[in-house]
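Here the structure comes first, spelled out in C-alpha coordinates, and everything after it is commentary.
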Amino acid sequence: MKRSRIAAATIAALAMLAAGCSAPATGGDPAATATTGATAATPTGAATEGEDAGEPGAVVNALDLTGPAHAADVPDMEPVVTRARPSLPVTITDAAGEQVTIEKADRLLSLDLYGTLTDTVIGLGLGDSLVGRANSDLQASLADLPVVTRGGHDLNVEAILGLEPDLILTNTTIGTAAAYSQLEAGGVTVVRFEQIPTFEGIATTIEAVGAAVGMAVEATTLAEDTQDRLTVALERVEELAAGTPRPPRGLVLYVRGTAGVFFILGAEYGAADILGALGLADVAGENGIDNLRPANAESLVSLDPEIVLAMDDGVESSGGIDGFLDRPGMAATTAGMNERVVTAADSQLLAYGPRTPENLVALAEAIYTGGDAS
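In this note's numbering, the protein residues as written are 1 to 374.
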(Lines of atoms letter the chains of each structure in order from A; the text may use other names.)
(Lines give C-alpha, C1' and ligand atoms only; values in the text may rest on other atoms or scores of the structure.)
Protein backbone atom coordinates (compact mmCIF):
# COMPACT_ATOMS: atom_id res chain seq x y z
CA MET A 1 0.00 0.00 0.00
CA LYS A 2 1.41 3.36 -1.01
CA ARG A 3 1.48 6.20 1.50
CA SER A 4 -1.15 8.09 -0.50
CA ARG A 5 -3.53 5.14 -0.16
CA ILE A 6 -2.96 5.02 3.59
CA ALA A 7 -3.65 8.76 3.90
CA ALA A 8 -6.72 8.49 1.66
CA ALA A 9 -8.12 5.68 3.78
CA THR A 10 -7.64 7.76 6.92
CA ILE A 11 -9.37 10.79 5.41
CA ALA A 12 -12.27 8.66 4.19
CA ALA A 13 -12.73 7.08 7.61
CA LEU A 14 -12.65 10.47 9.32
CA ALA A 15 -15.24 11.81 6.89
CA MET A 16 -17.53 8.87 7.64
CA LEU A 17 -17.10 9.46 11.38
CA ALA A 18 -17.95 13.14 11.06
CA ALA A 19 -21.10 12.29 9.14
CA GLY A 20 -22.09 9.66 11.67
CA CYS A 21 -21.66 12.00 14.63
CA SER A 22 -23.58 14.94 13.18
CA ALA A 23 -27.06 13.47 13.63
CA PRO A 24 -28.79 11.02 15.95
CA ALA A 25 -27.94 7.43 15.09
CA THR A 26 -30.71 5.04 14.09
CA GLY A 27 -30.71 1.26 14.49
CA GLY A 28 -27.97 -1.08 15.59
CA ASP A 29 -26.27 -1.48 18.94
CA PRO A 30 -23.99 1.50 19.59
CA ALA A 31 -22.23 -0.38 22.38
CA ALA A 32 -21.21 -3.33 20.18
CA THR A 33 -17.45 -3.86 20.28
CA ALA A 34 -15.60 -3.86 16.97
CA THR A 35 -12.96 -6.56 16.53
CA THR A 36 -9.42 -5.90 15.41
CA GLY A 37 -6.22 -7.68 14.58
CA ALA A 38 -4.32 -5.12 16.61
CA THR A 39 -0.84 -5.87 17.77
CA ALA A 40 -1.44 -3.70 20.81
CA ALA A 41 -4.78 -4.74 22.30
CA THR A 42 -7.60 -2.20 22.11
CA PRO A 43 -8.43 -0.72 25.54
CA THR A 44 -11.76 -1.87 26.87
CA GLY A 45 -12.67 0.73 29.44
CA ALA A 46 -12.36 4.15 30.95
CA ALA A 47 -13.29 5.28 34.42
CA THR A 48 -15.95 7.99 34.51
CA GLU A 49 -16.58 9.68 37.84
CA GLY A 50 -19.76 11.65 37.09
CA GLU A 51 -22.79 11.01 39.25
CA ASP A 52 -25.07 11.00 36.18
CA ALA A 53 -23.06 8.38 34.34
CA GLY A 54 -25.71 5.65 34.41
CA GLU A 55 -24.94 2.00 33.73
CA PRO A 56 -21.20 1.23 33.83
CA GLY A 57 -19.91 1.00 30.27
CA ALA A 58 -23.24 2.08 28.73
CA VAL A 59 -23.16 4.31 25.67
CA VAL A 60 -25.09 7.46 26.51
CA ASN A 61 -25.55 11.02 25.33
CA ALA A 62 -22.20 12.59 26.18
CA LEU A 63 -23.92 15.97 26.49
CA ASP A 64 -25.78 14.66 29.54
CA LEU A 65 -22.72 13.40 31.42
CA THR A 66 -21.14 15.28 34.30
CA GLY A 67 -17.90 14.81 36.20
CA PRO A 68 -14.31 14.08 35.16
CA ALA A 69 -13.14 10.96 33.35
CA HIS A 70 -9.81 9.31 32.70
CA ALA A 71 -8.82 7.52 29.49
CA ALA A 72 -7.36 4.08 30.09
CA ASP A 73 -3.63 3.73 29.51
CA VAL A 74 -3.02 2.01 26.18
CA PRO A 75 -1.29 -1.39 26.13
CA ASP A 76 2.41 -1.70 25.38
CA MET A 77 3.46 -1.77 21.74
CA GLU A 78 4.20 -5.22 20.36
CA PRO A 79 6.41 -6.03 17.35
CA VAL A 80 4.63 -6.22 14.03
CA VAL A 81 7.86 -7.29 12.34
CA THR A 82 9.07 -10.46 14.04
CA ARG A 83 12.37 -10.98 12.23
CA ALA A 84 14.12 -7.64 12.06
CA ARG A 85 17.01 -7.60 9.60
CA PRO A 86 18.23 -4.04 9.05
CA SER A 87 19.99 -3.57 5.73
CA LEU A 88 22.80 -1.16 6.52
CA PRO A 89 24.61 1.07 5.73
CA VAL A 90 22.13 3.56 4.29
CA THR A 91 22.41 7.26 3.53
CA ILE A 92 19.38 9.50 4.00
CA THR A 93 18.54 13.19 4.17
CA ASP A 94 16.92 13.91 7.52
CA ALA A 95 14.36 16.56 8.49
CA ALA A 96 17.14 19.04 9.23
CA GLY A 97 18.34 18.74 5.64
CA GLU A 98 21.47 16.89 6.72
CA GLN A 99 22.78 13.95 4.71
CA VAL A 100 23.36 11.19 7.25
CA THR A 101 24.96 7.79 6.76
CA ILE A 102 23.81 5.13 9.21
CA GLU A 103 26.35 2.35 9.59
CA LYS A 104 24.91 0.46 12.56
CA ALA A 105 21.75 0.28 14.65
CA ASP A 106 22.84 -2.27 17.25
CA ARG A 107 22.62 0.23 20.14
CA LEU A 108 19.66 2.53 19.65
CA LEU A 109 18.06 5.50 21.37
CA SER A 110 14.69 6.78 20.14
CA LEU A 111 13.84 10.06 21.84
CA ASP A 112 10.73 12.21 21.47
CA LEU A 113 8.18 13.78 23.77
CA TYR A 114 5.38 11.30 23.09
CA GLY A 115 7.25 8.01 22.70
CA THR A 116 6.04 7.46 19.14
CA LEU A 117 9.53 6.90 17.75
CA THR A 118 10.08 4.19 20.36
CA ASP A 119 6.73 2.62 19.45
CA THR A 120 7.89 2.57 15.84
CA VAL A 121 11.23 0.98 16.73
CA ILE A 122 9.46 -1.71 18.75
CA GLY A 123 6.91 -2.24 15.98
CA LEU A 124 9.79 -2.84 13.56
CA GLY A 125 11.12 -5.54 15.87
CA LEU A 126 14.13 -3.55 17.10
CA GLY A 127 13.08 -3.16 20.73
CA ASP A 128 15.97 -5.31 21.95
CA SER A 129 18.41 -2.82 20.42
CA LEU A 130 17.25 0.02 22.67
CA VAL A 131 19.83 0.93 25.34
CA GLY A 132 17.98 3.78 27.07
CA ARG A 133 14.70 5.66 27.06
CA ALA A 134 13.03 9.03 27.46
CA ASN A 135 10.88 9.57 30.54
CA SER A 136 7.84 9.44 28.24
CA ASP A 137 8.61 5.80 27.38
CA LEU A 138 6.60 4.10 30.13
CA GLN A 139 6.08 0.67 28.60
CA ALA A 140 6.71 -2.23 30.95
CA SER A 141 9.19 -3.81 28.56
CA LEU A 142 11.39 -0.71 28.83
CA ALA A 143 11.25 -0.26 32.60
CA ASP A 144 14.80 -1.51 33.18
CA LEU A 145 16.37 0.85 30.65
CA PRO A 146 18.08 3.99 32.00
CA VAL A 147 16.26 7.30 31.50
CA VAL A 148 18.35 9.79 29.52
CA THR A 149 16.04 12.82 29.60
CA ARG A 150 15.38 15.48 32.23
CA GLY A 151 12.05 17.16 32.80
CA GLY A 152 10.57 15.75 29.63
CA HIS A 153 12.29 18.03 27.10
CA ASP A 154 15.99 18.06 28.02
CA LEU A 155 18.70 15.51 27.22
CA ASN A 156 21.28 14.21 29.67
CA VAL A 157 24.20 14.30 27.25
CA GLU A 158 26.66 12.71 29.68
CA ALA A 159 24.32 9.79 30.39
CA ILE A 160 23.69 9.27 26.69
CA LEU A 161 27.37 9.22 25.80
CA GLY A 162 27.94 6.74 28.62
CA LEU A 163 25.57 4.30 26.92
CA GLU A 164 27.65 4.41 23.72
CA PRO A 165 24.72 4.38 21.28
CA ASP A 166 25.33 3.82 17.57
CA LEU A 167 22.28 5.79 16.54
CA ILE A 168 19.82 8.32 17.99
CA LEU A 169 16.43 8.79 16.34
CA THR A 170 14.74 12.02 17.43
CA ASN A 171 12.54 14.96 16.42
CA THR A 172 11.91 18.58 17.34
CA THR A 173 9.87 17.81 20.47
CA ILE A 174 12.88 17.06 22.63
CA GLY A 175 16.45 18.27 23.14
CA THR A 176 18.33 21.33 21.90
CA ALA A 177 20.53 21.83 18.86
CA ALA A 178 23.50 22.31 21.19
CA ALA A 179 22.87 18.98 22.92
CA TYR A 180 22.69 17.09 19.64
CA SER A 181 25.84 18.83 18.41
CA GLN A 182 27.63 17.57 21.53
CA LEU A 183 26.42 14.05 20.86
CA GLU A 184 27.53 14.18 17.23
CA ALA A 185 30.90 15.52 18.33
CA GLY A 186 31.10 12.48 20.62
CA GLY A 187 30.76 10.17 17.63
CA VAL A 188 27.02 9.41 17.81
CA THR A 189 24.97 9.36 14.61
CA VAL A 190 21.83 11.49 15.02
CA VAL A 191 18.84 11.37 12.67
CA ARG A 192 16.17 14.05 13.05
CA PHE A 193 12.61 13.48 11.89
CA GLU A 194 9.83 15.97 11.30
CA GLN A 195 7.13 16.05 13.98
CA ILE A 196 3.84 15.73 12.06
CA PRO A 197 0.86 15.98 14.46
CA THR A 198 -1.76 14.56 12.09
CA PHE A 199 -3.12 11.13 11.19
CA GLU A 200 -1.68 11.46 7.69
CA GLY A 201 1.75 11.99 9.24
CA ILE A 202 1.77 8.65 11.05
CA ALA A 203 2.66 6.61 7.96
CA THR A 204 5.15 9.26 6.82
CA THR A 205 7.05 9.05 10.11
CA ILE A 206 6.96 5.25 10.28
CA GLU A 207 8.37 5.01 6.76
CA ALA A 208 11.04 7.62 7.49
CA VAL A 209 12.19 5.67 10.56
CA GLY A 210 12.17 2.46 8.52
CA ALA A 211 14.37 4.05 5.86
CA ALA A 212 16.83 5.24 8.51
CA VAL A 213 17.33 1.76 9.98
CA GLY A 214 17.41 -0.05 6.65
CA MET A 215 13.92 -1.55 6.96
CA ALA A 216 11.86 0.32 4.37
CA VAL A 217 9.75 -2.67 3.32
CA GLU A 218 9.04 -3.66 6.92
CA ALA A 219 8.07 -0.06 7.71
CA THR A 220 5.38 -0.21 5.04
CA THR A 221 4.02 -3.32 6.75
CA LEU A 222 3.90 -1.47 10.08
CA ALA A 223 2.25 1.57 8.47
CA GLU A 224 -0.42 -0.63 6.89
CA ASP A 225 -1.03 -2.44 10.19
CA THR A 226 -1.43 0.90 11.96
CA GLN A 227 -3.85 2.14 9.30
CA ASP A 228 -5.93 -1.04 9.57
CA ARG A 229 -6.21 -0.59 13.34
CA LEU A 230 -6.98 3.10 12.92
CA THR A 231 -9.87 2.28 10.60
CA VAL A 232 -11.29 -0.15 13.17
CA ALA A 233 -10.77 2.40 15.96
CA LEU A 234 -12.66 5.09 14.07
CA GLU A 235 -15.54 2.68 13.54
CA ARG A 236 -15.55 1.99 17.27
CA VAL A 237 -15.60 5.72 18.05
CA GLU A 238 -18.59 6.14 15.75
CA GLU A 239 -20.42 3.37 17.64
CA LEU A 240 -19.64 5.02 20.97
CA ALA A 241 -20.77 8.44 19.72
CA ALA A 242 -24.04 7.11 18.31
CA GLY A 243 -26.04 8.17 21.37
CA THR A 244 -24.88 11.80 21.17
CA PRO A 245 -27.05 13.90 18.82
CA ARG A 246 -24.41 16.46 17.86
CA PRO A 247 -20.65 16.91 18.25
CA PRO A 248 -19.88 18.32 21.72
CA ARG A 249 -17.67 21.39 21.70
CA GLY A 250 -14.17 20.15 22.50
CA LEU A 251 -10.98 21.91 23.57
CA VAL A 252 -7.47 20.69 24.41
CA LEU A 253 -5.80 22.58 27.26
CA TYR A 254 -2.18 22.41 28.39
CA VAL A 255 -1.44 23.25 32.01
CA ARG A 256 1.64 23.04 34.23
CA GLY A 257 1.62 24.13 37.85
CA THR A 258 -0.54 26.82 39.39
CA ALA A 259 1.04 29.89 37.78
CA GLY A 260 0.93 31.11 34.18
CA VAL A 261 1.46 27.94 32.15
CA PHE A 262 -2.05 27.47 30.79
CA PHE A 263 -2.64 27.29 27.05
CA ILE A 264 -5.18 26.39 24.39
CA LEU A 265 -3.64 23.95 21.89
CA GLY A 266 -4.50 24.21 18.21
CA ALA A 267 -3.94 22.11 15.10
CA GLU A 268 -0.18 22.67 15.03
CA TYR A 269 0.02 20.84 18.37
CA GLY A 270 -2.11 17.94 17.16
CA ALA A 271 -5.42 18.96 18.73
CA ALA A 272 -7.51 19.21 15.56
CA ASP A 273 -7.18 15.64 14.28
CA ILE A 274 -7.70 14.11 17.72
CA LEU A 275 -10.82 16.19 18.40
CA GLY A 276 -12.24 15.49 14.95
CA ALA A 277 -11.62 11.76 15.19
CA LEU A 278 -13.38 11.69 18.55
CA GLY A 279 -16.48 13.31 17.07
CA LEU A 280 -15.92 16.58 18.93
CA ALA A 281 -16.26 20.06 17.45
CA ASP A 282 -12.86 21.79 17.41
CA VAL A 283 -13.88 25.14 18.88
CA ALA A 284 -10.29 26.41 18.84
CA GLY A 285 -9.94 25.75 15.11
CA GLU A 286 -13.39 27.17 14.41
CA ASN A 287 -12.22 30.40 16.03
CA GLY A 288 -8.91 30.65 14.19
CA ILE A 289 -6.64 29.16 16.87
CA ASP A 290 -4.16 26.95 15.02
CA ASN A 291 -1.12 27.24 17.27
CA LEU A 292 -0.85 28.14 20.94
CA ARG A 293 -2.93 30.73 22.79
CA PRO A 294 -3.09 31.68 26.47
CA ALA A 295 -6.10 30.11 28.15
CA ASN A 296 -7.30 33.25 29.90
CA ALA A 297 -10.79 33.78 31.25
CA GLU A 298 -11.94 35.78 28.23
CA SER A 299 -10.88 33.17 25.68
CA LEU A 300 -12.29 30.24 27.65
CA VAL A 301 -15.67 31.87 28.16
CA SER A 302 -15.79 32.88 24.50
CA LEU A 303 -15.02 29.35 23.28
CA ASP A 304 -17.25 27.75 25.93
CA PRO A 305 -16.13 24.12 25.55
CA GLU A 306 -18.45 21.35 26.68
CA ILE A 307 -15.62 18.81 27.04
CA VAL A 308 -11.99 19.59 27.84
CA LEU A 309 -9.11 17.21 27.15
CA ALA A 310 -5.96 17.56 29.26
CA MET A 311 -2.85 15.66 30.33
CA ASP A 312 -2.72 13.72 33.60
CA ASP A 313 0.46 15.19 35.03
CA GLY A 314 -0.50 18.71 34.05
CA VAL A 315 -3.84 18.54 35.81
CA GLU A 316 -2.22 16.92 38.84
CA SER A 317 0.42 19.68 38.99
CA SER A 318 -2.30 22.33 39.02
CA GLY A 319 -3.92 20.90 42.14
CA GLY A 320 -5.90 18.07 40.60
CA ILE A 321 -9.31 18.47 39.00
CA ASP A 322 -10.40 20.99 41.66
CA GLY A 323 -7.36 23.18 41.08
CA PHE A 324 -7.75 22.88 37.32
CA LEU A 325 -11.40 23.96 37.49
CA ASP A 326 -10.43 26.89 39.73
CA ARG A 327 -8.40 28.41 36.89
CA PRO A 328 -9.83 31.80 35.84
CA GLY A 329 -12.66 31.32 33.38
CA MET A 330 -12.97 27.55 33.70
CA ALA A 331 -15.95 27.61 36.07
CA ALA A 332 -17.88 29.82 33.65
CA THR A 333 -17.60 27.33 30.77
CA THR A 334 -20.08 24.53 30.22
CA ALA A 335 -17.26 22.02 30.72
CA GLY A 336 -16.31 23.70 33.98
CA MET A 337 -19.84 23.82 35.31
CA ASN A 338 -20.30 20.12 34.53
CA GLU A 339 -16.70 19.21 35.49
CA ARG A 340 -16.32 17.50 32.10
CA VAL A 341 -12.56 17.15 31.99
CA VAL A 342 -11.17 14.05 30.28
CA THR A 343 -7.54 13.30 31.10
CA ALA A 344 -5.03 10.91 29.57
CA ALA A 345 -1.37 10.08 30.07
CA ASP A 346 0.89 12.95 28.98
CA SER A 347 2.64 10.80 26.37
CA GLN A 348 -0.68 9.47 25.07
CA LEU A 349 -3.12 12.36 24.62
CA LEU A 350 -1.63 13.95 21.48
CA ALA A 351 0.59 11.11 20.25
CA TYR A 352 0.57 10.26 16.54
CA GLY A 353 2.16 6.86 16.05
CA PRO A 354 1.53 3.11 16.01
CA ARG A 355 -0.55 3.21 19.22
CA THR A 356 -2.79 6.10 18.18
CA PRO A 357 -5.70 3.75 17.34
CA GLU A 358 -5.78 2.38 20.88
CA ASN A 359 -5.51 5.90 22.31
CA LEU A 360 -8.54 7.03 20.30
CA VAL A 361 -10.66 4.18 21.64
CA ALA A 362 -9.56 4.87 25.22
CA LEU A 363 -10.42 8.57 24.88
CA ALA A 364 -13.74 7.85 23.19
CA GLU A 365 -14.77 5.44 25.93
CA ALA A 366 -13.96 8.10 28.53
CA ILE A 367 -16.05 10.65 26.63
CA TYR A 368 -19.03 8.59 25.54
CA THR A 369 -19.60 5.73 27.99
CA GLY A 370 -21.51 5.89 31.23
CA GLY A 371 -18.78 4.35 33.37
CA ASP A 372 -16.08 1.71 33.63
CA ALA A 373 -16.56 -0.63 30.69
CA SER A 374 -13.69 -2.92 31.60
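Every residue gets a Cβ at the ideal spot worked out from N, C-alpha and C, and that includes glycine.
Two segments are said to touch when three or more pairs of C-beta atoms, one from each, lie closer than 8 Å; by this definition the segment 250-258 does not touch the segment 140-154.
Taking all protein chains shown into account, arginine 85 has fewer than 16 neighbouring C-beta atoms within 10 Å of its C-beta and is therefore exposed.
Between arginine 256 and threonine 66, the CB-CB gap reaches or exceeds 8 Å. Between alanine 345 and valine 308, the C-beta gap is not smaller than 8 Å, which leaves the two residues out of contact. Annotated as distal: leucine 240 and alanine 159, with beta-carbon spacing of 8 Å or more. When C-beta atoms of the segment 348-368 are compared with those of the segment 200-218, three or more pairs fall below 8 Å, so the two segments count as touching. Beta-bridge annotation (DSSP): tyrosine 352 is not paired with any residue.
By the C-beta criterion, the segment 87-103 is judged to be in contact with the segment 185-205, since at least 3 inter-stretch pairs fall below 8 Å. When secondary structure is reduced to three states using DSSP, alanine 69 falls in the strand class. Comparing alpha carbon positions, the residue from Arg133, Asp166, Pro165 closest to arginine 150 is Arg133.
The C-beta distance from serine 136 to glycine 152 rounds to 7 Å, short enough to meet the 8 Å contact threshold.
Distances from the CA of glycine 127 to each of Val60, Arg83, Ala332, Arg236 were compared; the closest alpha carbon is that of Arg83. With fewer than 16 other Cβ atoms from the protein chains shown falling within 10 Å of its own Cβ, glycine 320 counts as exposed. In the three-state scheme derived from DSSP, where H, G and I count as helix and E and B as strand, methionine 330 is classed as helix. For phenylalanine 324, the enclosing alpha helix (DSSP H) stretches over residues 320-325.
Rounded to whole angstroms, the Cβ separation of glycine 243 and valine 60 is 5 Å, and the two are in contact under 8 Å. Our two residues, valine 147 and aspartate 64, have alpha carbons roughly 43 Å apart in a direct line. Assignment of beta-bridge partners to glycine 250 by DSSP yields Asp282, Ile307. Selection Leu109, Ala284, Asn291 evaluated against valine 301 yields Ala284 as nearest (Cα-Cα).
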